[in-house]
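A.B. asks: Input: one structure, supplied below.
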Amino acid sequence: MDHLDQLEAQSVYILREAYHSFSNLCMPWSMGKDSNVLIWLSKKAFCGKIPYPVLHIDTTYEFPEMLEFREWARKEYDLDLIVKINEDARAGRGTYTQSVGYETHDPVTVTHELKTVALQQVMAERKFDALITGIRRDEDPTRAKERYFSPRNAEFEWDYKDQPPEFWNQFTTAIEPGEHIRVQPLLDWAEVDIWRYIEREKIPIPTMYFARPGDDGKKYRFRSLGCWPITKPVESTASNISEIIAELLVTKTSERAGRAQDHHERNAMQKLRAKGFM
Amino acid sequence: MQTTLEPTKVPTSDISVPTSQKLRIVIVGHVDHGKSTLIGRLFHDTNSLPEGKVEQIRKASELEGMEFEFAFLLDALLEEQAQNITIDTTQLPFRTEKREYVIIDAPGHKEFLKNMVTGAASADAAILLIDANEGIQEQSKRHAYLLSLLGIRQIVVAVNKMDLVGYRQERFEKVRSDYTEFLGKLGIVPQHFVPISAKLGLNITKASPELEWHKGPAILEALEQFQISAPPDDLPLRFVLQDIYRFDERRILAGRIETGSLQVGQEIVFWPDGKSSRVKSIEEWNAPEPPTSALVGESVAITLEEQIFVERGDIGSAPDHGPAEGREIQASLFWLQNDPLPLNVPFTLKLGTQSVEARLVEITRVLDSSTLEPLAGNPGIIHKNEVADVRIRARKPIAFDRHDRISETGRFVIVTGKRIGGGGIIREADYQDEMRLAGAAENLTWTVSPVTRELRAENFGHRGAVLWLTGLSGSGKSTLATGLDYHLHRRGIFSYILDGDNLRHGLCANLGFSAEDRSENIRRAGETARLMAEAGLVVICSLISPFRADRENVRKICHRDGIPFGEVFINAPLDVCEARDPRGLYKRARAGEIKEFTGISSPYEAPLAPELELRTAEHTLENTLLDLTHFAVELSRIPEPQIAEELARGAGI
Ligand SMILES: Nc1nc2c(ncn2[C@@H]2O[C@H](COP(=O)(O)OP(=O)(O)OP(=O)(O)O)[C@@H](O)[C@H]2O)c(=O)[nH]1
Ligand SMILES: [Mg+2]
């Protein structure tokens, strides 16, 4: 087995453990590259049938291409798709006195309301006891401390100072009332592994990841996909996966550099993560 | 930026990038000896940090009024930076020209031992870091001991902070000889001892003039000499079963090949039951063609030729070289949780995908893991951060291996409440013995105390119960009864069949088939079943028992004495039973040769609220039997409060 085979085998093992351990499992899906790898691995783990619903938290600031991809993938993979929007926040009703959006608020607040709170709402409605997420250790130093199975309390908080031990492929699968577990099968994957795997398996992904000419004549691509007002493309000529991989092997800027929300304030990620953001 | 492309089309090219395996290295050692600093330094000096990272952290430290530390590159949490200690492990990818690494930074504070174990358990190799000035400290020893338990054999010792001891070789040699002696007791022989200064970057990526007397490699060179732990492909097959899927007509066994390999067509035996079948296929979604073999490490899905009863937790092997099985294991364990682990209190033991209730029946000795000296006296309890040799008894047989033989199935964790509290490795395994029964010490109490039903249940590992299979002749009672008897036997549950026809040869030989005689027949069968259940057996009664009132009577007899009773309605339509007619009885009854034949010339009163109904005409025998087995296992399970009570009583003896 090569490195990718090992990563795949471990992720499949984790997905199967998760499916066995939780009665009401759900897989958030952003349609980004990691998310699509998760779909693919789920197909492999369960011999073609994904036995849990897939959740898209729609911020209403989605790129149109992404929504197109969502519809295509829903049919292609026969997904049990849930689309969730925090309607109250967008409309400024209910507990909101004012409509929340990038036009009026800072990115950290918008991300919190339209993603984390939306997720909390759907968790409360559907009573999910575990979420399968696509986070990787190499994304950010705080994520480097994550576990495959990570408990979150009723407020969605991550108690990163007192995590249960995890070794020998034995995971925290029992939850206290109000808790849920984040299952993180891609933890060991690096960004370049994700690309190598997408290339090897020919996994369909949104085309925004590939370089296209911009208005100024230079070429750009998206390295990470978030809401359109805060996601900026990076200059790149990588128009296929091999070129992306080649580019990654020489760049040293971090993957989320294109996302405004991350460097809005010092340690923003840690704060967001502790509050329940994925 | 507005060009829209077909979302499904992924541009590809033919430059393929080779993928390589990563070597996982954990850095351990006493608090503040410089682990995080060393890693930060290593990343910095090999040019592995994202652009601007050091500047960013330098500025941030300035803003917070703290001096810049290389450790901040690793200590990602605000709390860690403020207190200058690592709380949880960090895993970071790292690349040299030679290969890729994952560097695992583990905390050195005693309080965070569970995080250290979490980080170290997956490593291929370790660097043990020692402060030249402070020398060997508590965690320098405890971490080394845990590395030996975790099975990590490739170790380099880095003697750090040489700048604080004037780069003196004598100081280095002193630490080296002291530590070599301690490690020797654990059977650890380090590849190298390397004098370094993590803070100043000496002997990290290349030899430094300040330490020119050191003839061995610098840290980076020592890392490059480590080997990736070879996957154990020369070991016998251990296929750990995770789940059984029935998403479509296939019955798929999902699991992982922990060791060995597996081929389509080979015989596979599932433990602890020992049932065997053949591998019919290896299922793989989106595969160009189905694979015919699978190798160590693969997560696979297989189907079997013959449908046998297997369940999550089972370990598959080749017919020879199977794992050991039994209810008792001898192990060394380390305890990480605040609440101590006492003798005789139930916990959950997880080994592979097996999960069983178990308890400590003996604590042979507890070691102070920082001195390796046994604690005086017989503690009867294991406290946080202690290491102990123990005997564990499970409620039902489990399959396992000796750790030094097959580590993947030779280690386990202990769960108390909802969290993993510690782990252990199995020291002994008897591969010949079929099943080891309760130890002699506990049997002694048999002769000195009245044997209550609870004590009997404790010995059997389950309680006595009556399963009452009722249904028409030919509905499948006897087939299911014998199948069930077999399954229970394989699982170590003591059972016996009371068959209506057999009883009529002896106990009920004087009875006929009048309504009155039928009632008496049932009453005698019921009383006999109750007695046998009282003795601790799971009694499988297989009788037509057509009358509701008679069956209710048996239920009452059992319940009056607190015996669990389950009425199982074996339901098949009359025409199906008549078509089956295994013994030609229906034909003879139709011909009038048999009088008062149930269903033909005598009524059958179907149960109104049976505990279980099995429709044998609609499902396969295999599936029906699975349902029945599960039902029987549940019915005979010792209820939780009883365990606690009985243990309290046991502890008082
Ligand atoms: N003089 C000197 N100081 C050092 C050296 N290496 C580390 N230090 C200092 O020792 C202190 C502790 O270093 P860390 O790297 O945080 O120690 P650690 O082993 O990671 O500690 P924990 O993770 O909390 O167990 C810091 O103030 C470092 O600057 C060295 O080679 N020389
Ligand atoms: Mg540290």
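Residue numbers (the working numbering), protein chains in the order written: chain X, -18 to 259; chain Y, 47 to 699. C-beta: ideal position from N, C-alpha, C; glycine also.
What does F611 (chain Y) pair with, by DSSP beta-bridge criteria?
C.D. replies: Its beta-bridge partners are Y:V512.
A.B. asks: For I568 (chain Y), collect the residues of the same chain with a Cβ closer than 6 angstroms to its Cβ; drop the 5 residues on either side in sequence, then sort them by chain order.
C.D. replies: So the list reads S591, D596, once near-sequence residues are dropped.
A.B. asks: Identify whether D414 (chain Y) lies in helix, strand or coil by the three-state DSSP scheme.
C.D. replies: Looking at D414 (chain Y) - three-state DSSP - the assignment turns out to be strand.
A.B. asks: Answer with buried or exposed for K160 (chain Y), where buried requires no fewer than 16 other C-beta atoms within 10 angstroms of its C-beta.
C.D. replies: So K160 (chain Y) ends up on the buried side.
A.B. asks: Indicate whether the contact test is met: 3 or more Cβ pairs, each with one atom in the stretch 114 to 121 of chain X and one in the stretch 168 to 178 of chain X, closer than 8 angstroms.
C.D. replies: Yes: at least three Cβ pairs fall under 8 angstroms.
A.B. asks: Hey, is E182 (chain X)'s beta-carbon within less than 9 angstroms of any beta-carbon in chain Y?
C.D. replies: Yes, its Cβ sits closer than 9 angstroms to a Cβ of chain Y.
A.B. asks: Does any residue of chain X bring its CB to less than 9 angstroms from the CB of R457 (chain Y)?
C.D. replies: Yes, its Cβ sits closer than 9 angstroms to a Cβ of chain X.
A.B. asks: Can you confirm whether T303 (chain X), when its beta carbon is compared against all beta carbons of chain Y, has any partner nearer than 9 angstroms?
C.D. replies: Given a span of -18 to 259 for chain X in the structure shown, any question on residue 303 (chain X) remains unanswerable.
A.B. asks: Relative to ligand 2, what is the chain-ordered list of residues with a Cβ closer than 7 angstroms to any of its non-hydrogen atoms?
C.D. replies: Going by the Cβ distance cut-off, the answer is Y:K81, Y:S82, Y:A117, Y:L120, Y:D121, Y:I131, Y:T132, Y:D151, Y:P153, Y:G154.
A.B. asks: Taking only three categories from DSSP, how would you classify T491 (chain Y)?
C.D. replies: The pLDDT assigned to T491 (chain Y) is 33, lower than 50, so where the model puts this residue is not dependable; a value taken from the coordinates is nonetheless given after this. Three-state result, T491 (chain Y): helix.
A.B. asks: Can you tell me whether DSSP reads Y650 (chain Y) as helix, strand or coil?
C.D. replies: Coil at Y650 (chain Y), not helix or strand.
A.B. asks: In chain C, what lies closer than 7 angstroms to V585 (chain Y) by C-beta?
C.D. replies: Protein chains X and Y are contained in the structure displayed, whereas chain C is not.
A.B. asks: Does the beta carbon of R55 (chain X) sit closer than 9 angstroms to a beta carbon anywhere in chain Y?
C.D. replies: Cβ-Cβ to chain Y under 9 angstroms: no for R55 (chain X).
A.B. asks: Please report the distance separating the alpha-carbon of D545 (chain Y) from that of G572 (chain Y).
C.D. replies: For D545 (chain Y) and G572 (chain Y), the distance between alpha carbons rounds to 11 angstroms.
A.B. asks: Can you grab the Cα-Cα spacing for the pair P685 (chain Y) / C604 (chain Y), in whole Å?
C.D. replies: When rounded, the distance between both Cα atoms is 17 angstroms.
A.B. asks: Checking contacts by CB at 9 angstroms: is G485 (chain Y) closer than that to chain X?
C.D. replies: Here the model assigns G485 (chain Y) a pLDDT of 36, short of 50, so the residue's position is not dependable, and the following value carries that caveat. With 9 angstroms as the cut-off, G485 (chain Y) does not count as an interface residue toward chain X.
A.B. asks: Output the boundary residues of the alpha helix (DSSP H) element that contains T90 (chain X).
C.D. replies: Start and end: 88 to 92.
A.B. asks: Closer than 6 angstroms by C-beta to P166 (chain X): which residues in its own chain qualify, once you throw out the five before and the five after it? Chain order, please.
C.D. replies: Correct list, in chain order: S(-8), I(-5), L(-4).
A.B. asks: Could you tell me which residues DSSP puts in a beta bridge with F285 (chain Y)?
C.D. replies: The partner list for F285 (chain Y) (beta bridge, DSSP) reads Y:I303, Y:G362.
A.B. asks: Relative to the alpha-carbon of Q129 (chain Y), which residue among Y:S107, Y:P139, Y:R626 has its alpha-carbon at the smallest distance?
C.D. replies: Comparing Cα-Cα distances from Q129 (chain Y) to each of Y:S107, Y:P139, Y:R626, the minimum goes to Y:S107.
A.B. asks: Among the candidates Y:S339, Y:R405, Y:F239, Y:K396, whose CA atom is the shortest distance from the CA of M(-18) (chain X)?
C.D. replies: Cα-wise, what sits closest to M(-18) (chain X) is Y:S339.
A.B. asks: Taking the beta carbon of N489 (chain Y) as the centre, do at least 16 other beta carbons fall within 10 Å, making it buried, or is it exposed?
C.D. replies: Residue placement at N489 (chain Y) is flagged as unreliable, the pLDDT there being 35, under the threshold of 50; the coordinate-derived value follows with that caveat. With fewer than 16 other Cβ atoms within 10 Å, it is exposed.
A.B. asks: Can you grab the Cα-Cα spacing for the pair T491 (chain Y) / L406 (chain Y), in whole Å?
C.D. replies: Here T491 (chain Y) scores only 33 on pLDDT, less than 50, and its place in the model is too uncertain to base an answer on.
A.B. asks: Could you check whether the Cβ of F3 (chain X) sits closer than 9 angstroms to any Cβ belonging to chain Y?
C.D. replies: Judged by the 9 angstroms Cβ criterion, F3 (chain X) is not in contact with chain Y.
A.B. asks: Among all the DSSP beta bridges, which residues are the ones paired with V346 (chain Y)?
C.D. replies: DSSP, once it has assigned bridges, lists Y:G301 as partnering V346 (chain Y).
A.B. asks: Let me know the secondary structure DSSP gives Q309 (chain Y) once reduced to three states.
C.D. replies: Strand, per DSSP.
A.B. asks: Pick helix, strand or coil for P255 (chain Y), following the three-state DSSP scheme.
C.D. replies: Helix.
A.B. asks: Taking 9 angstroms as the threshold (beta carbon to beta carbon), is E480 (chain Y) in contact with chain X?
C.D. replies: Caution is warranted here: a pLDDT of 34 is assigned to E480 (chain Y), below 50, making its placement in the model unreliable, and no coordinate value can be reported.
A.B. asks: Candidates X:I66, X:Q151, X:E182: which alpha carbon is nearest K25 (chain X)'s?
C.D. replies: Among X:I66, X:Q151, X:E182, the Cα nearest to that of K25 (chain X) is on X:E182.
A.B. asks: Helix, strand or coil for F130 (chain X), going by three-state DSSP, please let me know.
C.D. replies: Of the three classes helix, strand and coil, the one that applies to F130 (chain X) here is strand, per DSSP.
A.B. asks: Quick one, which of X:S220, X:E138, X:R204 has its alpha-carbon nearest P194 (chain X)'s?
C.D. replies: Nearest of X:S220, X:E138, X:R204 to P194 (chain X), Cα basis: X:S220.
A.B. asks: With a cut-off of 8 angstroms on the beta carbons, I'd call H79 (chain Y) and N206 (chain Y) a contact; round off their distance for me.
C.D. replies: About 6 angstroms; that satisfies the 8 angstroms criterion.
A.B. asks: Out of Y:E357, Y:Q353, Y:K231, Y:L308, state which residue places its alpha-carbon closest to the alpha-carbon of L287 (chain Y).
C.D. replies: Minimum Cα distance to L287 (chain Y) is reached at Y:E357.
A.B. asks: Assign I568 (chain Y) to one of three DSSP states: helix, strand, or coil.
C.D. replies: Here I568 (chain Y) sits in helix by DSSP.
A.B. asks: If distances are taken between C-alpha atoms only, which option among Y:E613, Y:G529, Y:D531, Y:R373 comes closest to N505 (chain Y)?
C.D. replies: The option with the nearest alpha carbon to N505 (chain Y) is Y:R373.
A.B. asks: Which residues, in order along the stretch 287 to 305 of chain Y, keep a beta-carbon less than 7 angstroms from a beta-carbon of chain X?
C.D. replies: The residues in question are Q288, D289, Y291, F293, I298, A300, R302.
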